[in-house]
Structure formats: C-alpha cells, structure tokens
Amino acid sequence: MVSQKDSGYRKNFSLIATFIGLISVVFVLSLFLAFNFSKKNIENDFVSAKANVLEESSKPTNDFFLNKLPEISYYNGYLDSASASKFVDTVLMQYPFVSKVIFYDTEVKNERYEDHGINLGDFAIGMKSVYQFGKKVHKDSVRLFGQNRVAKGASLEDFNTVTLKLINFIQKLDTAKVPSQEDLFSNFTDISHNRVDYFNIPSFEILKVYKRMISEKLETEPVYQQDMLSFELDPSKIKIKNTRPLLYQNIRIEPITYDPIDTTSEYITGEINLGAPFSDYKLYFTSSRDFVKKEIFSFFWPIAALLTLFYGLLVLVAFLIYRNLNINHKMFKLQYDFVTNLTHEFKTPVSVIKIAGNNIKSATSLTEREQKLYGKILDEEADKLNGLMNKLLAFTQIENKAITLNKDSVNITEFIESSLDAYALKYPDFDVSFEVTGFKTFITDPVL
80 MVSQKDSGYR
90 KNFSLIATFI
100 GLISVVFVLS
110 LFLAFNFSKK
120 NIENDFVSAK
130 ANVLEESSKP
140 TNDFFLNKLP
150 EISYYNGYLD
160 SASASKFVDT
170 VLMQYPFVSK
180 VIFYDTEVKN
190 ERYEDHGINL
200 GDFAIGMKSV
210 YQFGKKVHKD
220 SVRLFGQNRV
230 AKGASLEDFN
240 TVTLKLINFI
250 QKLDTAKVPS
260 QEDLFSNFTD
270 ISHNRVDYFN
280 IPSFEILKVY
290 KRMISEKLET
300 EPVYQQDMLS
310 FELDPSKIKI
320 KNTRPLLYQN
330 IRIEPITYDP
340 IDTTSEYITG
350 EINLGAPFSD
360 YKLYFTSSRD
370 FVKKEIFSFF
380 WPIAALLTLF
390 YGLLVLVAFL
400 IYRNLNINHK
410 MFKLQYDFVT
420 NLTHEFKTPV
430 SVIKIAGNNI
440 KSATSLTERE
450 QKLYGKILDE
460 EADKLNGLMN
470 KLLAFTQIEN
480 KAITLNKDSV
490 NITEFIESSL
500 DAYALKYPDF
510 DVSFEVTGFK
520 TFITDPVL
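Take 80 as the starting number for the sequence shown in my numbering and just add one per residue.
As structure tokens, this is what we get:
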C-alpha cells in the first residue's frame with residue numbers, strides 16, 4: 080500500500096515538473112514572439128508615423144493658407160504701402176518660412192491700359208505701384224514700381240500670370256450662381272514653386288460688374304481697387320516637429336531628387352513629400368539601427384513584464400500544488416506510522432490480558448496477593464486498551480490537529496513497576512532491578 084502511494088506521489092511530482100517545463104518553454108517562446116512583434120510594430124511605425132510628423136510640421140503652412148491669406152480680402156483692395164507693410168510684418172513674424180512679400184497695388188478700370196496692365200475687351204487691370212518687404216530688403220529697395228520706377232521683368236511676369244488666371248475666371252463666371260469659396264480661392268490664388276500669389280476676393284456683385292466690363296463699356300466708367308500680394312517662401316525655414324523623437328533620430332528637408340549613395344545598412348531611412356508650394360521638397364528621416372533598437376526594447380519591456388508576471392503566477396501555482404502534495408505525502412507517512420505504532424500498542428495490553436487470564440484459568444488456587452496482582456494488571460491494561468480505542472476513534476480528526484496529548488504527571492517508580500509486572504506475566508524468568516535518582520515524576524500521556 081505504501082509503495083503504491085509513493086508511486087502515486089512520484090507521478091504527481093513528475094506531472095508538476097512536466098508542467099513547469101512546458102510553461103517555461105511557452106514563456107521563452109512568448110518572449111521571442113513578443114520581441115519580433117515589437118520589432119515589426121516599430122518598423123511599421125517608422126513608415127506610418129512620418130505622416131504625423133508632416134501633419135504637425137505643416138500646421139503653420141495650413142494656417143497661413145486658411146487663415147492669413149483670406150485676411151487680405153478684408154481690406155477690399157484698399158491696402159496702401161503703410162498698411163501693407165504692417166500686414167507683412169505680422170506675416171514675417173508669425174510665419175518664418177515667408178522670406179519676402181511683394182505688394183501689387185492695382186486697379187480695375189473700364190478702359191484699356193497701354194502699359195503695365197492686361198486688357199480683355201473693355202476690362203483692364205493694371206499696376207499702380209509695387210513694393211517689396213522682407214527682413215533682408217533694404218529700405219531703398221522697397222519700392223519696385225511707381226513714381227518714375229519701371230517694373231522689373233520678374234515682377235511683371237508674376238503679375239501677368241495671376242491676372243490672366245483671374246480674367247479667365249471672370250470670363251467663365253456664371254452670374255446666376257454664387258461661386259463657392261473653394262472656386263474663389265483657387266482662382267484668386269496661384270501656387271507655384273516656393274511662391275504663393277493672392278488677389279483679394281471682391282464681392283459677387285463686383286464680380287458681375289467685372290464680367291459686364293468685358294463685353295461693354297459702362298456709362299459710369301467704374302474703377303475698383305485690387306490688391307495682390309506675392310509671398311516668396313523658404314522651405315528651409317519650416318520648423319520640423321518631431322512627434323516621435325525616440326523613433327526618428329534626424330529629420331531634415333531635402334530636395335525631392337535627393338538620393339544619397341553613401342547610406343549604409345546601419346541606418347534606416349524614409350521620406351515623405353511636402354505639399355504645395357513645397358512640392359519640390361521632402362522630409363528625409365534617418366535613424367541608426369541602435370537608436371531604433373532602443374525604441375523596440377521600450378515597447379518590448381512592458382510586454383515582457385506582463386509575460387513574466389503571468390509565468391511567475393503559474394510557477395507559484397505549481398509550487399503551491401507541489402507543497403500541498405509534499406505535505407500530504409508526509410501526512411500519509413505519519414498516519415501510516417501512527418497506525419503501525421497504535422497496532423503495536425494494542426497487541427501489548429491484549430497479550431498481557433490474555434496471559435493473565437490463562438494464568439488465572441490454569442491455577443488451581445490463587446493467593447490473595449496473586450488475586451490483587453492479577454486484578455491490578457487486568458484493570459490497568461483494560462484502561463490502557465480503552466484509552467487506545469478512544470485515540471483510534473479520534474484519528475479521523477488528525478488533519479484538523481484535533482488529537483492532543485492529555486498531559487499528566489506520572490510517578491516514575493509506579494510507571495516502571497507496572498511495566499515490569501506486565502512483562503513478568505509474559506516472561507516469568509524476567510528479573511530486573513531498578514533505582515530512581517534525580518527525579519520522581521515526568522509529564523506524559525498516561526494512555527500512550
């Protein structure tokens with residue numbers, strides 16, 4: 080029975096060892112897969128997060144187009160050199176990528192321009208004055224045209240390009256339908272390489288007058304003021320906002336044709352094109368592999384910590400199961416030893432009672448002393464046997480630690496004499512003498 084139990088416990092311990100080995104293999108495999116997942120995720124982020132950098136870096140440019148340019152229309156064409164200078168100062172301060180601004184003070188008339196203007200039918204739009212503003216523009220160079228200054232070819236060409244676009248829009252204008260803001264913005268704005276030209280947008284009623292002026296000469300011969308501002312842009316002044324500084328080690332603006340031949344495998348690179356008017360440029364991203372590896376590990380460590388915690392919990396459960404099995408194994412051995420010892424204790428009083436009974440049965444006559452001796456022995460052994468029976472009945476409570484010793488003070492001399500009297504019945508030739516010194520009593524359970 081004991082060997083079968085031991086075999087069962089050994090099987091349980093083997094199962095626990097197998098379980099720990101299995102979860103250890105799964106744990107190592109999970110760490111490997113988690114690292115590969117982290118690596119793949121960061122590599123994908125290196126590609127996808129470029130759009131976020133572009134979006135954040137382009138916010139000032141978008142604000143310039145959507146909010147600042149439309150402010151020009153608020154002046155209704157009545158900007159002059161002084162008010163234009165103040166407006167440009169706010170632009171240069173708020174948008175560093177604007178390097179220079181050219182202001183065209185123009186007017187629309189119902190009669191032809193001979194010089195410095197464009198005519199279509201009786202519709203004519205021409206320049207009155209041209210000014211340039213910028214941090215590097217000298218005060219003597221502010222006025223480009225007007226008061227005996229002749230317009231330079233470059234400024235006249237830029238003016239003609241935007242003006243022709245405006246005239247083409249007016250010529251095709253449907254006077255029965257109000258044009259959308261998108262149509263107005265696209266036709267009064269010209270976006271080219273590092274340059275934005277913008278005409279103030281007049282009201283729809285004025286646009287209808289412009290259309291009539293193309294086909295006929297009006298009696299009132301109206302004159303309308305128009306302002307055009309040309310913004311020269313410097314892409315190198317765009318402030319790059321690195322939204323992922325732990326992923327992108329370096330971000331710079333390069334021409335769209337930039338393709339370095341000295342890039343080694345130690346670096347990861349990427350690029351994304353800038354929008355108009357910087358469409359000839361791109362954001363160029365570079366990061367060393369060691370730099371990216373730090374980001375990979377920063378993503379991997381929390382996952383590894385969770386896996387380690389889960390693995391630790393499983394190992395703890397396995398340990399608790401092992402401890403309980405070990406305790407149960409020890410309890411089983413204690414129970415087995417207890418039953419064995421208790422069986423031996425049963426045999427001793429039973430054999431003594433049997434011998435005393437045989438002696439009484441076989442004796443023809445007993446002296447008074449022998450009767451008292453046998454009576455005492457039978458009484459003591461019966462009490463001892465009764466106590467052992469009580470202990471055996473209480474054995475089922477051993478796991479709850481219900482078995483307790485009934486400690487009592489026992490006289491050592493009486494204890495030895497009763498034991499010798501019991502053995503004398505079994506072994507008549509047994510002759511023992513004893514002497515007690517040092518102590519007279521000891522504490523024990525009289526039954527055990």
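Where a beta carbon is used, it is the ideal one built from N, C-alpha and C, also for glycine. Computed from a predicted structure; not experimentally measured.
message: Here's a check: name, in chain order, each residue in its chain whose Cβ is nearer than 6 Å to the Cβ of Phe106, leaving out the five neighbours to either side.
response: Tyr390
task: Mind the definition here: the region 359-379 touches the region 391-410 only if three or more C-beta pairs lie below 8 Å; say whether that holds.
output: no
- prompt: Which whole-angstrom value is the C-beta distance of Ser309 and Val180, which I expect to be below 8 Å?
  reply: 7 Å
- prompt: The beta strand (DSSP E) spanning Lys179 covers which residue range?
  reply: 177-188
Simplified DSSP assignment, three categories, for Ser271: strand
task: Give the single residue among Asp341, Asp184, Leu399 whose Cα lies nearest to the Cα of Ile151.
output: Asp184
query: Okay, do the region 126-142 and the region 150-166 touch, 3+ Cβ pairs below 8 Å being the bar?
result: no
message: Does Asn146 pass the burial test, meaning 16 or more other C-beta atoms within 10 Å, or should it be called exposed?
response: exposed
message: Helix, strand or coil for Leu94? Go by DSSP, reduced to three states.
response: helix
message: Need the endpoints of the alpha helix (DSSP H) that Ala130 sits in, please.
response: 129-136
field: Identity of the residue in Phe283, Leu158, Ser444, Ile95 nearest Met307 by Cα
entry: Leu158
Pairwise C-alpha distance: Gly100 and Val371: 34 Å
task: Enumerate, from N- to C-terminal direction, the unbroken beta strand (DSSP E) stretches of 3 or more residues contained entirely within the region 284-318.
output: 302-312
field: Burial state of Val511, where buried means 16 or more other Cβ atoms lie within 10 Å
entry: exposed
6 Å Cβ shell around Val515 - same chain, five flanking residues per side excluded: Ile491, Thr492
query: Using the C-alpha atoms, what's the distance from Leu399 back to Phe116?
result: 33 Å
Boundaries (first-last residue) of the alpha helix (DSSP H) holding Thr169: 160-173
query: To which residues of the same chain is Leu326 closer than 8 Å at the C-beta, ignoring the five residues directly before and after it?
result: Ile121, Asp124, Phe125, Ala128, Ser366, Val371, Glu374
query: Residue range of the beta strand (DSSP E) that Gln211 falls in?
result: 202-213
- request: Flag Lys129 as yes if its beta-carbon sits less than 8 Å from any beta-carbon of chain C, otherwise no.
  value: Looking for chain C here will not work: only one protein chain is present.
- request: Let me know the secondary structure DSSP gives Ile332 once reduced to three states.
  value: strand
field: Assigned secondary structure, Ser512 (DSSP; H/G/I helix, E/B strand, else coil)
entry: coil
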